Every structure is written in structure tokens, then in C-alpha cells.
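Numbering (the numbering used here), first residue to last: 3 to 251.
A short worksheet on the structure shown next.
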Amino acid sequence: MTAVRVSGLCAGYGGAQILNGVDLEVGEGEVVAVIGPNGAGKSTCVKVIAGLLPWTRGEIEVGGVPVTSAGGQDPARASLGYVPQVRNTFPSLSVRENLQVMAPRSWSRRRIGARVADLLEQFPQITRLAERPAGLLSGGERQSLALAMALVREPKVLLLDEPAAALSPKAATEVFAMVGRLRERGVSVLVVEQNVRLALAASDRCYVLEGGRVALEGTASDLLDDPRLGGLYLGGDVATPEQQGRARQ
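Right under this line is the structure:
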């Protein structure tokens, strides 16, 4: 079954059209990346799927169930988790408290405690920091916490908006290693990212957006070897000179 399917999606801000008929899908247990130049519509796409922005045309399905309203409370979105690029933790609360507040109100204290303990075990980067305020965490530690927070409700699909933004190379690599491990736990992931190589290394498939449309799509390994990908980044720094030469032959 397809975890997420988007067909002919059109959306924008204040009358300005950003997405112009985007088609993409994420399979169960699959990590799919959405990359592209600045302004291509990557974050807009994931925010529409998450229910943070309305769309004007097209269809969205989550787990085969059509999404019928723009708000995040649409029942079809119950299996989605979302990690925004900024303001994704509560700085004044401890790591443990950040995890606790994400639990449904219907859960008992015992169930919440068990889930928090499980997530602290899954994310060793924050285990020893459980009582530290989130505002004192490093960038990589904060992003680890944000991922754990999104998993509290045990979503089947996780939407990530540029998880490596503003992180050091080491921290960014660690974050994407965690993204790869989510696949092993059966969580489907749709990740928007500017770091092309990191995104492709962690993904099964990838969509490249340009001008609000899908310009390229394919397996991550195929796209990494595709010289056309470099052309969409103005510097052509994705394909090597040798790969570009082979493509011209």
C-alpha cells in the first residue's frame, strides 16, 4: 500500500502559485526525498501534506484514505508525524517534558512514561539529557529531540522539513543516520532537504522540484549519477566532471 500519494497538487501563498501540479508518492517503509533549488516549492509541498497550508487543486491520500480538508485535524492525517524546520521543540521544557507533551490526552501516565522511556532508548543522543531544558541543547541534539517528539504518537509516516538545516556536517550526518533507521522500524519518511548528497544517501527514491513541478524523479542512486541534477543547482556540483563527460558522449 502507498503511505502517501499526491496527485496534481497546486498550492501557494496569498494568490501566488507555488506548486503547479506536483505528483509524488511514498511507499510503506520507504524514505523519499524532495530536493530542488530555493523557491522550488519543497517546503510548501510538505506543509500542504501536513495540513499547515491549503491547496487549490489536486488530491492527497494518506494510507489510501483521501484527505478532504486543509486542516491538520482531518482524520486521514491521523497517521502523520511532522517535524518543522524551526521552532520544533519547547525551549523552556526539559527533554523528557517535550516528549510527554506530545502524547494524546487520552493516554494514561503509565503509557506515556513507557513511550517516553522507549524513545529515549531509541535516541541515545538525548538519553543523558532527559532533564536538561531543550533550549540548552546543541543543534544536533535539538533535532534528535524533534524527531523523537514526532514519533511519540507512533505515526506511520513522518514528514521532515529540512532536518539538516543550520547543523554542522557531523550533526547533519547523524540526523540522516537516524532517518535511515526509521525505515528499519517500518516508518515511511518524506524528507525535504537542501543537502542533496545527504538526502540521496539516506533515501530510496527522490523527486526534484523546480518551478513548482517535478523536474526529475527516480531512485536515489540513479539520480546521484544523473548530470541533469547538477544543472538544477546552478553550480552543477552533484554530478562529477567524469559523469558529466559520460553523459555528453
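Just so it is clear, CB atoms sit at the ideal spot from N, CA and C, and this is done for glycine as well.
Treat the numbers as computed from the prediction; the structure is a model and nothing was measured.
Residue burial classification, residue i (beta-carbon count within 10 angstroms, cutoff 16)
i: residue 44; result: buried
i: residue 15; result: exposed
i: residue 165; result: buried
i: residue 137; result: exposed
i: residue 205; result: buried
i: residue 75; result: exposed
i: residue 140; result: exposed
i: residue 3; result: exposed
i: residue 79; result: buried
i: residue 133; result: exposed
i: residue 17; result: exposed
i: residue 198; result: buried
Close-in-space but distant-in-sequence residues of the same chain around residue i (CB under 7 Å, 5 per side omitted)
i: residue 71; result: none
Limits of the beta strand (DSSP E) - the one that residue i falls within
i: residue 221; result: 215 to 221
i: residue 154; result: Counting along the chain, residue 154 falls outside any beta strand (DSSP E), and DSSP gives it neither H nor E.
i: residue 120; result: Residue 120 -> not in any beta strand (DSSP E); alpha helix (DSSP H) instead, spanning 111 to 124.
i: residue 7; result: 4 to 15
Identity of the residue in the options nearest residue i by Cα
i: residue 149; options: 170, 116, 184 and 119; result: 184
i: residue 41; options: 20, 109, 186 and 56; result: 20
i: residue 219; options: 11, 27 and 4; result: 27
i: residue 171; options: 91, 230, 200 and 163; result: 200
i: residue 36; options: 227, 191, 232 and 229; result: 191
i: residue 10; options: 23, 127 and 118; result: 23
i: residue 62; options: 55, 56 and 51; result: 51
i: residue 12; options: 228, 77, 57 and 49; result: 57
i: residue 1; options: 104, 163 and 155; result: This structure does not reach residue 1, given that the chain is present from 3 up to 251, and the question cannot be answered.
i: residue 101; options: 146, 179, 186 and 188; result: 146
i: residue 94; options: 203, 87 and 103; result: 103
Span separating the alpha-carbon of residue i from that of residue j
i: residue 31; j: residue 209; result: 17 Å
i: residue 66; j: residue 8; result: 11 Å
i: residue 236; j: residue 225; result: Because the pLDDT of residue 236 is 42, which lies under 50, any placement of that residue in the model is unreliable, and the number read from its coordinates should be weighed accordingly. Taking the straight line joining both Cα atoms gives about 16 Å.
i: residue 83; j: residue 159; result: 6 Å
i: residue 55; j: residue 39; result: 21 Å
i: residue 34; j: residue 231; result: 16 Å
i: residue 126; j: residue 142; result: 12 Å
Residue i: first and last residue of the uninterrupted alpha helix (DSSP H) it sits in
i: residue 184; result: 171 to 186
i: residue 45; result: 44 to 52
Proximal residues to residue i (C-beta, below 6 Å), its chain only, five neighbours per side dropped
i: residue 213; result: none
Neighbourhood of residue i by C-beta distance below 8 Å, restricted to the same chain and skipping five residues each side
i: residue 109; result: 117
i: residue 144; result: 90, 91 and 136
i: residue 123; result: 129
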